[in-house]
Amino acid sequence: MWYLAFLALWLAASVPRAQGQACTSRALLTVERAKLAQAGGDHAAAKKWIDQAKAECVTSFAVMSAISDVYQAMGDAGNAEFYRKYAERLAPKPLVYKQPDSPKPAAAAKPGESVIEDKSFVREKWALVVGVGTFRDTERIPALKYAAKDARDFADMLEDPAVGRFRRDGVHVRVLLDKDATVENLKTALNDIAKRARAEDLVVIYISSHGTSAEADAASATGQTGYIVTHETDVQNLYATAFPMDEMKRVVDDRMRAGRVVTFLDTCYSGDTVRQRGGGKALSLGFSQELVNRIAQGKGRVVITSSRNTEKSWESDRIGNSFFTHYLVEAMRASKGEATVTKLFTYLERNVPEAVKKEKSSSQNPTMSPEGRNIDIVIGTAVE
Numbered sequence: 463m464w465y466l467a468f469l470a471l472w473l474a475a476s477v478p479r480a481q482g483q484a485c486t487s488r489a490l491l492t493v494e495r496a497k498l499a500q501a502g503g504d505h506a507a508a509k510k511w512i513d514q515a516k517a518e519c520v521t522s523f524a525v526m527s528a529i530s531d532v533y534q535a536m537g538d539a540g541n542a543e544f545y546r547k548y549a550e551r552l553a554p555k556p557l558v559y560k561q562p563d564s565p566k567p568a569a570a571a572k573p574g575e576s577v578i579e580d581k582s583f584v585r586e587k588w589a590l591v592v593g594v595g596t597f598r599d600t601e602r603i604p605a606l607k608y609a610a611k612d613a614r615d616f617a618d619m620l621e622d623p624a625v626g627r628f629r630r631d632g633v634h635v636r637v638l639l640d641k642d643a644t645v646e647n648l649k650t651a652l653n654d655i656a657k658r659a660r661a662e663d664l665v666v667i668y669i670s671s672h673g674t675s676a677e678a679d680a681a682s683a684t685g686q687t688g689y690i691v692t693h694e695t696d697v698q699n700l701y702a703t704a705f706p707m708d709e710m711k712r713v714v715d716d717r718m719r720a721g722r723v724v725t726f727l728d729t730c731y732s733g734d735t736v737r738q739r740g741g742g743k744a745l746s747l748g749f750s751q752e753l754v755n756r757i758a759q760g761k762g763r764v765v766i767t768s769s770r771n772t773e774k775s776w777e778s779d780r781i782g783n784s785f786f787t788h789y790l791v792e793a794m795r796a797s798k799g800e801a802t803v804t805k806l807f808t809y810l811e812r813n814v815p816e817a818v819k820k821e822k823s824s825s826q827n828p829t830m831s832p833e834g835r836n837i838d839i840v841i842g843t844a845v846e
């Protein structure tokens, strides 16, 4: 019976991998409901949510691992072991360096088609790297121990000629740390990149800070947006002192001519259910997945976030970085910069949750938007 159940799951998982990626976030939310039911002692409800999660996404390593954890918490060692072994069958392969192909001209998209031509020629590369760990409002905004270091480490990786291969000239990689990370400076840097970058270029945006939810905005429900917390942010006046996510969408969609824009958000965009604890990037609020998805709309627009909408992003004294940035830089260096965006995300998806659970006894699962696409943008691609 055990073998037949495993075989049934494996046959169901024979659908394309992209479909598995597309369903991961939805199924993980369902598993969260199972965890809540289990925590409340309602094992019948927990099993019902587990069954729904399996129906939603039987192809995901992260989902099967999470299901195993729920069964373990319920004291069902048999099912916990079963889904752990099944998750191992789905586990992504390690990153392996592969010499990139010679540059080829970009293929033209068909009318009305939104495609991502990621393997095509990249003329130039530009990056904005932001890390905010100290804040003017010290009473209401907790300091982040490693946000500035995360940004510096990420920028160093980008400028490493053996990894990121960005020009080290203070122009192609713009870094804003702590007191320099103001709303005005963010807008100025983004505008400068928008003016310089052309259609054949690659733009990378990395931000490490706190995030706030749309509900924290004083606007009406239809006008509310989440905010990235900057150095001068006043939590009672977000509109004037923080960087709105809607503005980020407008910059990426309307001002950036670059055909490829990859955004990494090492911020907590969790919902109101998350409570502030030390070592996490949250103000007990955060911006929604819907906003993240909207930024990722359009040709060559990708957003990878450090956690999903019920979680915080954690820092680690053991590794001296946030978990997300540590494994992101590690993945880039392990592949000598030649891993695709999809492979980078797969590495994060596998390693971040395990490390956070082990060290913080908490959940943190990176997300990527759009989902279900094999995105072949290579951040470390060489330019002349």
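Take my numbering: the last position of the sequence shown gets the number 846, and nothing is skipped along the way. Backbone N, C-alpha and C fix where the C-beta goes; we use that ideal spot for every residue, glycine too.
When only Cα atoms are considered, residue 690 and residue 808 end up about 25 Å apart. Here residue 779 is not near residue 611, since their CB atoms are 9 Å or more apart.
For residue 703, the enclosing alpha helix (DSSP H) has its first and last residue at 700-703. Membership of residue 803 in the alpha helix (DSSP H) is indicated by the continuous run 803-822.
Residue pairing from DSSP places residue 830 in a beta bridge opposite 766. Nearest neighbour of residue 502 by Cα position, chosen from 485, 774, 528, 535, turns out to be 535. For residue 529, no beta strand (DSSP E) segment is defined; the enclosing uninterrupted segment is the alpha helix (DSSP H) at 523-535. The C-alpha of residue 830 is placed about 6 Å away from the C-alpha of residue 767. Secondary structure note for residue 722: its beta strand (DSSP E) is the uninterrupted segment 722-728. Rounded to the nearest angstrom, the Cβ distance from residue 842 to residue 585 is 16 Å, too far for a contact under 8 Å. By the criterion of at least three beta-carbon pairs nearer than 8 Å, the segment 712-725 is not in contact with the segment 617-635. Around the C-beta of residue 701, fewer than 16 other C-beta atoms lie within 10 Å, and the residue is accordingly described as exposed.
Scanning 793, 784, 594, 840 for the CA closest to the CA of residue 705 turns up 594. Around the beta carbon of residue 623, fewer than 16 other beta carbons sit within 10 angstroms, so the residue counts as exposed. Counting only the Cα atoms, residue 598 lies some 8 Å from residue 641. A residue is called buried once 16 or more other Cβ atoms fall within 10 Å of its Cβ, and residue 540, having fewer, is exposed.
Of the residues assessed, residue 513 falls on the exposed side of the cut-off, its CB having fewer than 16 other CB atoms within 10 angstroms. Counted as a single uninterrupted DSSP element, the beta strand (DSSP E) harbouring residue 593 occupies residues 587-593. Counting along the chain, no beta strand (DSSP E) covers residue 717, and no H or E run does either. Residue 552 sits in a helix when the DSSP states are folded into three classes. Assignment of residue 777 by DSSP, reduced to helix, strand and coil, places it in the strand class. Out of 548, 671, 545, the CA that lies nearest to the CA of residue 603 is found in 671.
Residues of the same chain with a CB within less than 8 Å of the CB of residue 625, apart from the 5 flanking positions on each side, are 619, 794, 795, 798, 799, 842 in chain order.
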